[in-house]
Amino acid sequence: MTLSRPAKVLLRVFAGLVMAAIYLPLLLVILNSFNATTSGAFPISDFTTRWWVAAWHNEGVRAALWTSIQVATIATVIALVLGTMIAFALSRYAFFGKNVVNLLVVLPIALPGIVTGVALNNTFKTVLEPLGIGLGLFSVIVGHATFCVVMVFNNVQARLGRMNRGLEEAAMDMGANLPRTFIDVTFPGFRSAFIGGGLLAFALSFDEIVVTTFTAPPGTETLPIWIFNNMSRPNQAPVVNVIAAVLIIVSMIPVYLSQRLTGDDKR
Numbered sequence: 041m042t043l044s045r046p047a048k049v050l051l052r053v054f055a056g057l058v059m060a061a062i063y064l065p066l067l068l069v070i071l072n073s074f075n076a077t078t079s080g081a082f083p084i085s086d087f088t089t090r091w092w093v094a095a096w097h098n099e100g101v102r103a104a105l106w107t108s109i110q111v112a113t114i115a116t117v118i119a120l121v122l123g124t125m126i127a128f129a130l131s132r133y134a135f136f137g138k139n140v141v142n143l144l145v146v147l148p149i150a151l152p153g154i155v156t157g158v159a160l161n162n163t164f165k166t167v168l169e170p171l172g173i174g175l176g177l178f179s180v181i182v183g184h185a186t187f188c189v190v191m192v193f194n195n196v197q198a199r200l201g202r203m204n205r206g207l208e209e210a211a212m213d214m215g216a217n218l219p220r221t222f223i224d225v226t227f228p229g230f231r232s233a234f235i236g237g238g239l240l241a242f243a244l245s246f247d248e249i250v251v252t253t254f255t256a257p258p259g260t261e262t263l264p265i266w267i268f269n270n271m272s273r274p275n276q277a278p279v280v281n282v283i284a285a286v287l288i289i290v291s292m293i294p295v296y297l298s299q300r301l302t303g304d305d306k307r
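If you want it as structure tokens, here you go:
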């Protein structure tokens, strides 16, 4: 389909407005993290890095950062294992209820986070807590893993659907056993999707706040929870901007790397 010149100009203007609406507020947050005033006045007349230094020396921020890294890392590892196994099961085998299982796997990413959070909160408090498993770091990791699995599953399943099974059969015909075939032929075929899904899962977990609110016990804070708890404190506003800027940067890097991996694979 060929568009007229006015239509192309209109589409570019519309795309520019959408991008501005999404990214200008984020840019403002990053700029305010260097604003010397605590009021966040704009335009910025004086730049400083003291809020970044203050954020680094803030014990609450450092504890929240460590908690976020722990949760995101472990949830990503769980997602890589479970997501890949489920993707292989649904891509390579036919069984009764296959479509239902596929729906149940991807459903957590479509459900509102508050629904998942409330469901997990009730499960831990009414079912698991009497067994000695209450709310804690474990419950937060489980909550994050429920939607991180979907990121890995979608990436790996899509790649497995495009792989040439004949290469695996040829490797086994030439004497390679199943583990050697997987290491030398199968895994390299979906490796970029595997890593890309893990990067997206880490970014999603690192930014999560809704599910964390319902699965974390009092006193346990991730970086998003720390921001939420300190937004109403005027003296913490500059530091909040710094942490928000960190979250923006940390989120962009995995997404960018995942996109590059996918792009390289397509080429």
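41 is the number of the first residue of the sequence shown in our numbering; add one for each residue after it.
Backbone N, C-alpha and C define an ideal beta-carbon position, used for all residues, glycine too.
### Task
Pull up the distance between the alpha-carbon of residue 180 and that of residue 198, whole angstroms please.
Inter-residue distance for residue 180 and residue 198 is about 28 Å (C-alpha atoms, whole angstroms).
### Message
What would DSSP say about residue 75, mapped onto helix, strand or coil?
### Response
strand
### Task
State the beta-bridge partners of residue 87 as determined by DSSP.
75
### Message
Let me make sure I understand the geometry here. Which of 95, 275, 203, 52 has the alpha-carbon closest to that of residue 287?
### Response
95
### Message
Could you check whether residue 265 and residue 255 sit closer than 8 Å to each other, using their CB atoms as the reference points?
### Response
no
### Task
Determine the closest residue to residue 97 out of 215, 208, 290, 283, with distance taken between C-alpha atoms.
The option with the nearest alpha carbon to residue 97 is 283.
### Query
If you draw a straight line from the C-alpha of residue 300 to the C-alpha of residue 48, how long is it?
27 Å
### Whole-number beta carbon distance between residue 123 and residue 189, since they are thought to touch under 8 Å
5 Å
### Query
For residue 244, which residues from the same chain have a beta carbon less than 7 Å from its beta carbon, with the 5 sequence-adjacent residues on both sides left out?
Taking residue 244 as the centre and dropping the five residues before and after it, the same chain places the C-beta of 187, 188, 191 closer than 7 Å to its C-beta, in chain order.
### Task
Select from 200, 167, 268, 168 the residue whose C-alpha is nearest the C-alpha of residue 130.
200
### Message
On a Cα-Cα basis, can you pick out the residue from 121, 142, 178, 139 that is closest to residue 251?
### Response
178
### Of the listed residues 293, 279, 292, 296, nearest to residue 93 (C-alpha basis)
279
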